[in-house]
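Here is the structure we will look at, set down as structure tokens.
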Amino acid sequence: MKKTVRAVAFYAMLSTCAYAQVKDSVKVNALDEVVVSDTKFALRQEKSGKVISLITAKELERKSGQNLATVLSQIAGVEINGNQSANGKNLGYYIRGGKNRQVLILIDGIPVTDASGISLEYDLRLLPVEQIEKIEVMKGAASTLYGTGAATGIISITLKKGSQKALQSNAYMSIGSNNTANNHKYNGQDFNQGIAINGNCHKIKYFAGLNSTETKGMSQIAAPTAAQTYEPDSFSRQNLIGKIGYKVSDKLTLDFFGTYDHIKNNFDFAFDNTGSYDTPINTTSSKQFRVGCAPKFTYNHGELNINSSFVKVTRDYNEYITYDATTEYSEFNSRSFIVDGFNKYVFSKQFFVVTGTEFQFHDMATTSPYSVLQREKTKFNMVDPYATLVYTSSFGLNINVGSRLNLHSEYGNHWVYNFNPSYNFKTNFPLKVLASYSTAYITPSLYQLYSEYGNTSLTPEESSTIEAGFETEVLKNKLKVNAVGFYRDETNSFGFFYDSTTFESYYVNLNGKNKAKGVEAEVALTINTKIQLKGNYTFTQVDKALDRLIPKHKANATLNYQVTPRTFIDLSYQYFDARKDAFFDGNTYLTEQVRLGAYQLLNTTAKYELIKNRMTIFGAVTNIFNTDFVENIGYATRGRNFKLGLNILF
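The numbering used here puts the first residue of the sequence shown at 423, with every later residue one more than the last.
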């Protein structure tokens, strides 16, 4: 399959016969941009009570060669732990001190999840960045609009869709190295290739894409010494996507989609420093199948949308057990069905209301040496009616207020709400000040309730968030600045109990309140039509119970230089402060608290339009100074690596 996909992609690029220019996009974080995350409908950024980070198609194009986790980690307030490790390494999502269970992922406006996962999270490794049109990240509690799981932020991903032309397509491929700082074999170990075709034929828009990624040459766990090497752990991914939109009339459109995503990789345990957990026998795979439809009906005073999807995820593990030289097999199966119907009714130019009801059903089944779970006993559903009122005055005042009632089959009723005012000052330069108070909740996952570590006595986690900040543009819109401060407290946080004597272990609710606070600031300076500077800084401070893998200080800076109409250079810098981590020793069965050192990275990308309006090549160097650092205790990280790529539009 891998060789076939690579050959098809290469042949398609060589047989190019036509071209369609990728459309340009507006710049990031301008106040006149359109965002959808805080109302579910298009709204100008200046009318929004949030500072929403928007990564456009053009921004993604400039980040050629980077995976989705690396792109997201450059946003203020966001850390995707594992993006600097081997591709098969599990990812941790951290927004404002929150972890995976508190960050909700949306794809085309629909929540995505693995119902058999510990935290009901979606695996971002499944998604290639080449199939993404844009990304919005809204930080802060968003349970009023999006329900359980949206406690510290949402990552809203919009996939590519049909263009306005009858037929256009593109093909791409890249090859790169995949080294640690102690390995200097700069041969081809990282391959990525794909093709896509899309267009608009009468009343039908369509998009189809195929992607394949393979990496090898790097072990997941770190060798104890620079002279010692471990066996490499391979990673592969195949993605197939199809989208069709049909315009029934000027008022009614129907959109259908289907995706198949499959990753397979070796994995290691970083439980000791002797190498006994480094074995090629440990393999895992994850298959995801998604289908759905999204009809939209517009009428004189509003718009009605229904987003629906069915998701089936299968994960399996072949795990080598060191102490008795046996192999154990485990399989996790989950199904999720989601329907979200929401309506926008416009009363006037200044006032509209969003009302909706979301239904979710999740179940799981597992087979492992430790437990067998049947779907009949491991399921729950939720029915959530919600409403949001949005007022945007002509004199500058904007108000977003809403509430949601969660009706959970296991936990009964639960209310959340938000109040989010903002004000646009009528000055010589755009200035918006904002504030908000919002509550959120997270229900335990099926795994936390019913697995071998399950605890049916768990109660939902609850939190409240306060934030305030501003957003402005000065120097004739050449300088854009925003800053937000936040404070969050949460109760009934989920934790894990483990007794090293009896080996008893299960999920628990932590007693008392746990707090997180911080500041996020962003600046973008357009020096001229060729040079742009951007940077952001994040300060995050959390209580001890939450303090793992969260840097107190983090900074990103980027220089974009359009050298000529055909030549573009990007230079980026990242600083990560020291973090705390926990090391579980498989020999002593004890957990040791460790401190990971701070580190800095410098990366660059150069692009050149080899054939105008047809062919672009790029080269990238990551970790230019070959910094040797630790992202997770016991796991290897990437050193200096090179990548070359080619993109042909036809």
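Where a beta carbon is used, it is the ideal one built from N, C-alpha and C, also for glycine.
Values in this document were obtained by computation on a predicted structure and should not be read as measured data.
Count the other CB atoms, across all protein chains shown, that sit within 10 Å of the CB of residue i; report buried if there are 16 or more and exposed otherwise.
{"i": "Glu481", "result": "buried"}
{"i": "Ile517", "result": "buried"}
{"i": "Phe657", "result": "buried"}
{"i": "Thr878", "result": "exposed"}
{"i": "Tyr863", "result": "buried"}
{"i": "Tyr1057", "result": "buried"}
{"i": "Arg398", "result": "Coverage of the chain is limited to positions 423 through 1072, which leaves residue 398 absent and any answer about it impossible."}
{"i": "Asn1054", "result": "buried"}
{"i": "Pro807", "result": "exposed"}
{"i": "Thr652", "result": "Checking the sequence, you will find Tyr at residue 652 rather than Thr. Answer is buried; the Cβ neighbour count reaches 16."}
{"i": "Gln443", "result": "For Gln443, the predicted model reports a pLDDT of 34, less than 50, meaning its position is unreliable; a value from the coordinates is still stated below. Exposed, since its Cβ has fewer than 16 Cβ neighbours within 10 Å."}
{"i": "Gln1015", "result": "exposed"}
{"i": "Ala431", "result": "With a pLDDT of 38 at Ala431, under the threshold of 50, the modelled position of this residue cannot be trusted; read the value that follows with caution. Label assigned to Ala431: buried."}
{"i": "Ile1033", "result": "exposed"}
{"i": "Asn950", "result": "exposed"}
{"i": "Ile626", "result": "exposed"}
{"i": "Gly934", "result": "exposed"}
{"i": "His606", "result": "exposed"}
{"i": "Phe802", "result": "buried"}
{"i": "Gly1019", "result": "exposed"}
{"i": "His784", "result": "buried"}
Can you name the start and end residues of the beta strand (DSSP E) that residue i belongs to?
{"i": "Thr705", "result": "705-715"}
{"i": "Ala809", "result": "801-814"}
{"i": "Asn614", "result": "612-623"}
{"i": "Asn936", "result": "935-948"}
{"i": "Ile597", "result": "590-598"}
{"i": "Met786", "result": "773-789"}
{"i": "Val1052", "result": "No beta strand (DSSP E) contains Val1052, which DSSP labels as neither H nor E."}
{"i": "Ile576", "result": "575-581"}
{"i": "Phe769", "result": "Unbroken run through Phe769: none, as it is neither H nor E."}
{"i": "Glu636", "result": "626-637"}
{"i": "Asn877", "result": "Unbroken run through Asn877: none, as it is neither H nor E."}
{"i": "Thr461", "result": "That residue, Thr461, is in no beta strand (DSSP E); it is neither H nor E in DSSP."}
{"i": "Gly818", "result": "Run containing Gly818: none; DSSP gives neither H nor E here."}
{"i": "His606", "result": "Note, His606: premise wrong, no beta strand (DSSP E); not H, not E."}
{"i": "Lys673", "result": "Unbroken run through Lys673: none, as it is neither H nor E."}
{"i": "Gly1067", "result": "1063-1071"}
{"i": "Gly584", "result": "No beta strand (DSSP E) holds Gly584; DSSP gives it neither H nor E."}
{"i": "Asn931", "result": "927-931"}
{"i": "Thr913", "result": "901-913"}
{"i": "Tyr1057", "result": "No beta strand (DSSP E) holds Tyr1057; DSSP gives it neither H nor E."}
{"i": "Phe918", "result": "916-920"}
Grab the span of the alpha helix (DSSP H) containing residue i for me, first residue to last.
{"i": "Gln870", "result": "868-872"}
Pull the bridge partners of residue i from the DSSP assignment, please.
{"i": "Ala857", "result": "Ala890"}
{"i": "Ala862", "result": "Ser885"}
{"i": "Arg466", "result": "Val456"}
{"i": "Lys956", "result": "Ala946, Thr980"}
{"i": "Ser730", "result": "Cys715, Val761"}
{"i": "Val473", "result": "According to DSSP, Val473 bridges with nothing at all."}
{"i": "Asn828", "result": "His836"}
{"i": "Gly680", "result": "Gly664, Val713"}
{"i": "Asn755", "result": "Thr736, Ala787"}
{"i": "Leu795", "result": "Thr788"}
{"i": "Tyr652", "result": "For Tyr652, which the question treats as bridged, DSSP gives no partner whatsoever."}
{"i": "Thr962", "result": "Gly940"}
{"i": "Ser658", "result": "Glu636, Lys686"}
{"i": "Phe1121", "result": "Here the chain comprises residues numbered 423 to 1072, so residue 1121 is not present and cannot be evaluated."}
{"i": "Glu481", "result": "DSSP output for Glu481 lists no bridge partner at all."}
{"i": "Asn842", "result": "Asn822"}
{"i": "Thr720", "result": "Glu725"}
With a threshold of 8 Å, are at least 3 pairs of Cβ atoms found where one atom belongs to the segment 599-615 and the other to the segment 631-638? As far as the Cβ criterion goes, the segment 599-615 touches the segment 631-638, which means the pair count is three or higher.
Entirely enclosed beta strand (DSSP E) segments - the segment 965-1046, minimum 3 residues: The DSSP assignment places complete beta strand (DSSP E) segments of no fewer than 3 residues inside the segment 965-1046 at 975-986, 989-998, 1001-1007, 1012-1018, 1021-1033, 1037-1044, in order along the chain.
Please give me, in chain order, every unbroken run of the beta strand (DSSP E) with length at least 3 that falls completely inside the segment 484-571. For the segment 484-571, whole beta strand (DSSP E) runs of length 3 or above, ordered along the chain, are 500-503, 514-517, 525-529, 554-561.
Is the segment 761-776 in contact with the segment 714-724, if contact means three or more CB pairs nearer than 8 Å? Between the segment 761-776 and the segment 714-724, the count of C-beta pairs closer than 8 Å reaches three or more; the two stretches touch.
Is the segment 566-579 touching the segment 849-865, taking contact as three or more C-beta pairs under 8 Å? Yes, since at least three Cβ pairs between the segment 566-579 and the segment 849-865 fall closer than 8 Å, the two stretches touch.
Can we say the segment 705-719 touches the segment 669-689, given the rule of at least three CB pairs closer than 8 Å? Yes, since at least three Cβ pairs between the segment 705-719 and the segment 669-689 fall closer than 8 Å, the two stretches touch.
Assess contact between the segment 593-602 and the segment 920-937, defined as three or more Cβ pairs (one per stretch) separated by less than 8 Å. Is contact present? Short answer: they don't touch.
Pairing CB atoms from the segment 811-819 with CB atoms from the segment 544-555, are three or more of them under 8 Å? In short, these stretches do not touch, since the Cβ pair count stays below three.
Contact the segment 586-593 vs the segment 669-685: 3+ CB pairs below 8 Å: Segment contact: the segment 586-593 against the segment 669-685, fewer than three CB-CB distances shorter than 8 Å; contact not assigned.
Can you confirm whether the segment 1020-1039 touches the segment 460-478 when touching is taken to mean that 3 or more C-beta pairs between the two stretches lie within less than 8 Å? Note that the segment 460-478 does not touch the segment 1020-1039; fewer than 3 beta-carbon pairs, one per stretch, sit closer than 8 Å.
Are three or more beta carbon pairs between the segment 845-857 and the segment 776-786 nearer than 8 Å? The segment 845-857 is not in contact with the segment 776-786.
Between the segment 788-796 and the segment 826-840, can you find at least three pairs of beta-carbon atoms closer than 8 Å? By the Cβ rule, the segment 826-840 does not count as touching the segment 788-796, because fewer than three pairs are nearer than 8 Å.
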